[in-house]
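Here's the structure we're looking at; comments come further down.
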Amino acid sequence: MKLLSKISVLILTICLTVPALPQNAELFFKAAGSPANPRVQASWNKYYTYEGITDLCRKLAKEYPDIVILESA
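Numbering of the sequence shown is given in our numbering, commencing with residue 116 and proceeding in unit increments.
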């Protein structure tokens with residue numbers, strides 16, 4: 116009975132720790148077609164404030180003046 120208990124605890128431990136392993140950033144796939152070194156860094160895993168979006172838009176307009184125009188209403 117002790118052996119069955121130890122095996123159960125071992126299996127439970129493995130089942131709970133294995134899903135936590137792929138949380139490392141190097142294990143994630145990059146988006147298809149994304150450049151290796153983008154000119155403007157933008158991460159979409161957070162919420163931006165108005166100032167953050169404005170800053171991102173300014174950087175995009177500066178790096179890509181032929182395709183991005185920054186205007187305000």
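Note that beta-carbon positions come from the ideal geometry of N, C-alpha and C, so glycine has one too.
Cα-Cα separation, residue i to residue j
i	j	result
Q156	S187	23 Å
C172	T164	12 Å
K161	G167	11 Å
S158	P180	21 Å
A170	I126	The sequence shown places Asp at residue 170, rather than the Ala named in the question. Their backbone Cα atoms lie some 49 Å apart in a straight line.
V183	A147	22 Å
I129	E178	47 Å
A151	L131	34 Å
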